[in-house]
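Have a look at the structure below before the remarks.
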Amino acid sequence: GGVPLRKIDRLFSYLYSTAPKPELGTGGTPLAGFGYGLPISRLYAKYFQGDLQLFSMEGFGTDAVIYLKALSTDSVERLPVYNKSAWRHYQTIQEADDWCVPSTEPKNTSTYRVT
1 GGVPLRKIDR LFSYLYSTAP KPELGTGGTP LAGFGYGLPI SRLYAKYFQG
51 DLQLFSMEGF GTDAVIYLKA LSTDSVERLP VYNKSAWRHY QTIQEADDWC
101 VPSTEPKNTS TYRVT
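Residue numbers (full-length UniProt numbering): 1 to 115.
Written out as structure tokens, the structure is:
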């Protein structure tokens, strides 16, 4: 139990895991060992103006603490602005090609204009 202090910072790196490598092909779906759980959990906590911190005692265990705002008036979800000014940003004159099915004829980009 417990993670050595020198490895705590690496636990929040994607693809880093202290769990045994999952065996693919045993029929079951592994839930641990891919290195995404803690980084994504911290990302969610920060999205809601909180944090995820780890406190570890090597040889004893590790505590994960999630801090979130207790009152809904303190927590503000960051939503994209969508008004008349933003609408112009999202409007396009012509639809772009699908990346997996490109058009057969080259497009003349000099005729495109931003409104």
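Where a beta carbon is used, it is the ideal one built from N, C-alpha and C, also for glycine.
- The beta carbon of proline 20 is closer than 7 Å to those of Gly33 in its chain, skipping five residues each way along the sequence.
- In the DSSP assignment, alanine 70 falls outside any alpha helix (DSSP H), carrying neither H nor E.
- Taking each of Asp63, Leu5, Gly1, Gly37 in turn and checking the Cα distance to tyrosine 16, the smallest one comes out for Gly37.
- Straight through space, the alpha carbons of alanine 86 and serine 41 are spaced by roughly 30 Å.
- In the structure shown, the three-state DSSP call for leucine 5 is helix.
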